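In this text, residue positions in the sequence shown follow the working numbering: the first is 69, and each later residue adds one. Built from N, CA and C at the ideal position, the CB exists for glycine as well. On a predicted model such as this, the values are computed, not experimentally measured, just so you know. Note sheet for the following structure.
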Amino acid sequence: MTPELILNLTLAIAVFLAVVGSLAYSIRSDQSPVHGSGPGARRGDQSGSHRLGARSSRWITT
Numbered sequence: 069m070t071p072e073l074i075l076n077l078t079l080a081i082a083v084f085l086a087v088v089g090s091l092a093y094s095i096r097s098d099q100s101p102v103h104g105s106g107p108g109a110r111r112g113d114q115s116g117s118h119r120l121g122a123r124s125s126r127w128i129t130t
């Protein structure tokens with residue numbers, strides 16, 4: 069295995085984990101307003117947007 073292949077695999081796994089993690093977090097934050105109050109939902113939306121920004125910048129760098 070060449071170092072470039074190892075790097076590409078590592079980046080692919082990192083992006084995959086970021087996508088799965090943000091999807092799981094968005095599902096969890098979608099359910100939280102049912103149990104919690106407004107500020108909790110707002111906090112979830114903010115962190116969700118930060119994760120989306122991190123994901124898009126990752127796609128741009130790759």
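What does the alpha-carbon distance come out to for the pair residue i and residue j?
i      : j     : result
Asp113 : Met69 : With a pLDDT of only 45 at Asp113, under 50, the local geometry of the prediction cannot be trusted, and the value read off the model is given with reservation. Spanning the two alpha carbons is a distance of roughly 41 Å.
Arg96  : Asn76 : 30 Å
Ala80  : Glu72 : 12 Å
Val83  : Ser94 : 16 Å
Gly92  : Thr78 : With the sequence shown as reference, residue 92 is identified as Ala, and Gly is not the correct amino acid for it. Rounded to whole angstroms, Ala92 to Thr78 spans 21 Å at the Cα level.
Val88  : Ile74 : 21 Å
For residue i, name the three-state secondary structure that DSSP assigns.
i     : result
Thr70 : coil
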